[in-house]
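Taking it in order: structure first as structure tokens, then the write-up.
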Amino acid sequence: MSLQATTSHTVGPFFSIGLTRLKQDEIAGPGVAGERVVISGRILDGDGNPVPDALVELWQANSHGKYAHPDDKQQKPVEPGFTGYGRMPTTDDGRFRFTTIKPGPVPGPDGKPQAPHIAVSVFSRGLQRRLVTRIYFPDEPANAADYALVRVPAERRSTLIAKKTAPGQLEWNVILQGAGETVFFDIGL
Amino acid sequence: MASSPGYRRPYPGTQPNHLHPIYRSSIKRAPAHPLILLPHTLTEITGPVFGPESIDVKACDLTKQGHGDPLGERIIVSGRVLDENGRPVPRTLVEIWQANSAGRYLHRNDQHNAPLDPNFTGAGHTLTDDEGRYRFVTIRPGEYPWGNHYNAWRPAHIHFSLFGPAFATRLVTQMYFPGDPLLPYDPIFNCTADEKARNRLISLFDWETTMPVHALGYKFDIILSGRDATPMEL
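Protein sequence lines correspond, in order, to chains A and B.
In terms of our numbering, the first sequence is residues -14 to 174.
In terms of our numbering, the second sequence is residues 33 to 266.
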């Protein structure tokens, strides 16, 4: 039996009615092991205007590089209370902010470790399909050989790497279109 | 290391592109660069899991959220969540939101001059059962005007959001109603090239779930990306 995946549509401007119940900006609470980071940024459109009606979702492994999911069969510790899920609508000036820990490396399909990263979905009015991207970490030697980063033209890789603004503080912006446009990945839907 | 298979890519034409000039909001928000193909890794084949503890079992009935009955026509929207291989997607989160019967959302930015309903929030959620079934009781949403073009009106619709088993299966869509005269004119509905794929977003009137002297039933099945038959690239 072969079916075709249902067509995607925009979340529209009023998604907060249905999607803020499960919002979560504290991905890692105080008891969770790992290097603590605050990741904040803005979403900007092709004119450089902030996008006040976007939704950002994050998905990440714990500090050992283990996903809280049954298909992660690695023999690595799970962290009680850590799901790896984040979701926040942007503020009126297009900002978002998450408190989490730096994930450990997870294996790539080639068996080599991927550089630590967080998977990101961006939804908004105007986007009939979500945009998929990743947050990488600064000063991380593993970035040079990362499974996803090596597919990105060298001059655009910096759009995926957060900038350190203070100890434990990272800035990562999403530019939807134009100069400095963030790299978005095609993962299917 | 043995890899699990990734998820299938969409059939050509069945998914909208990011840029659709007829849908004005896409013009400054669609990326200008082509997307970069990323075969699925462990990151994409895993994803957030929501269990019964994250659910309010009463949230599948949107007509019982206030002190009285909401205005409008009570309806039952139900269906199955399946993957592209026809297998049910059990115990997966389904979130919905919609306008009230007058075509107004309970949202501070909705300026449409139509009344709010104190007994209707327009939000609901549920988990699918072991066979991938879900069921909501709600009110038929009203059509409403929007600013896309002169005299633009959205057809009646309910927003659906699903996670499925993996980051790669995430889906947000909209369900429409059969016979809605606004469908041929709606830029959002018409952004998808494949006519059959578009029409699968229109629910079917369903006698089987229609409850005598209570509510009409509409059926809407949702298909999420299915596992690829072949293992991920090694």
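The beta carbon of each residue, even a glycine, is placed where N, CA and C say it ideally should be.
Source: prediction; values computed, not measured.
- DSSP places residue 130 of chain A within a helical segment (H, G or I) once states are collapsed to three.
- If you check each beta-carbon in the segment 181 to 208 of chain B against every beta-carbon of chain A, the ones closer than 8 Å belong to 191, 193, 197, 198, 199, 200, 201, 202, 203, 204, 205 and 206.
- Residue state for residue 148 of chain B is assigned as coil, using DSSP reduced to three classes.
- Shown in chain order are the members of the segment 0 to 12 of chain A whose Cβ falls below 8 Å from a Cβ of chain B: 0, 1, 2, 3, 4, 6 and 7.
- Chain order gives the chain A residues near residue 81 of chain B as 53, 54, 55, 68 and 70, where near means a beta carbon separation below 9 Å.
- Interface annotation for the segment 111 to 133 of chain B against chain A: 114, 116, 117, 118, 127, 128 and 129, criterion Cβ-Cβ distance under 7 Å.
- In this structure residue 83 of chain A is not in contact with residue 160 of chain A, their Cβ atoms being roughly 18 Å apart against a cut-off of 8 Å.
- C-alpha of residue 5 of chain A to C-alpha of residue 74 of chain A: approximately 7 Å in a straight line.
- Three or more Cβ pairs closer than 8 Å define a contact, and the segment 44 to 63 of chain B falls short of that threshold against the segment 115 to 128 of chain B.
- In the DSSP annotation of this structure, the continuous segment of the beta strand (DSSP E) that includes residue 24 of chain A starts and ends at 21 to 29.
- Per DSSP, the continuous beta strand (DSSP E) segment holding residue 42 of chain A begins and ends at 39 to 44.
- In this structure, DSSP gives residue 76 of chain B a helical state, which the three-state scheme calls helix.
- Within the segment 224 to 251 of chain B, contact with chain A at the beta-carbon level (separation under 9 Å) is assigned to 224, 226, 228, 229, 230, 232 and 233.
- With respect to the 9 Å criterion, residue 158 of chain B and residue 106 of chain B are not classified as neighbours on the basis of their beta carbons.
- The contact set of residue 157 of chain A on chain B, defined by CB atoms closer than 7 Å, is empty, because the minimum CB distance reaches about 17 Å.
- Within chain A, the residues whose beta carbon sits less than 8 Å from that of residue 76 of chain B are 104 and 172, listed in sequence order.
- Per DSSP, reduced to three states, the secondary structure at residue 53 of chain B is coil, with no helix or strand assignment.
- With respect to residue 132 of chain A, residue 97 of chain A sits close: the two C-beta atoms are nearer than 9 Å.
- Of A/-3, A/71 and A/41, the smallest CA-CA separation from residue 14 of chain A is found for A/71.
- At least one beta carbon of chain B lies nearer than 9 Å to the beta carbon of residue -5 of chain A.
- The DSSP-derived three-state label of residue 230 of chain B is helix.
- Any Cβ of chain A closer than 9 Å to the Cβ of residue 65 of chain B would place that residue at the interface, and such an atom is present.
- In the three-state DSSP reduction, residue 150 of chain A falls in the strand class (E or B).
- DSSP places residue 12 of chain A in no alpha helix (DSSP H); its state is neither H nor E.
- The beta carbon of residue 165 of chain A sits closer than 6 Å to none of the beta carbons in its chain outside the five residues before and after it.
- Of all residues in the segment 91 to 107 of chain B, the ones placed with a Cβ closer than 9 Å to any Cβ belonging to chain A are 91, in chain order.
- Residue contact with chain A for residue 158 of chain B: absent (no Cβ-Cβ distance below 9 Å to any residue of chain A).
- The alpha carbon of residue 183 of chain B has as its nearest neighbour, out of B/58, B/230 and B/214, the alpha carbon of B/214.
- Rounded to the nearest angstrom, the Cβ distance from residue 173 of chain B to residue 206 of chain B is 10 Å, too far for a contact under 8 Å.
- The segment 95 to 112 of chain B makes no contact with the segment 57 to 74 of chain B, as fewer than three CB pairs between them are under 8 Å.
- Considered as a whole, the segment 66 to 138 of chain B harbours 106 to 115 and 125 to 130 as its complete beta strand (DSSP E) runs of no fewer than 3 residues, in chain order.
- Pairing residue 66 of chain A with residue 18 of chain A, the inter-Cα distance amounts to about 11 Å.
- Beta-bridge analysis with DSSP links residue 171 of chain A to B/69.
- Comparing alpha carbon positions, the residue from A/172, A/151 and A/117 closest to residue 145 of chain A is A/117.
- Listed along chain A, no residue sits closer than 8 Å to residue 215 of chain B by beta-carbon distance, the nearest being about 13 Å off.
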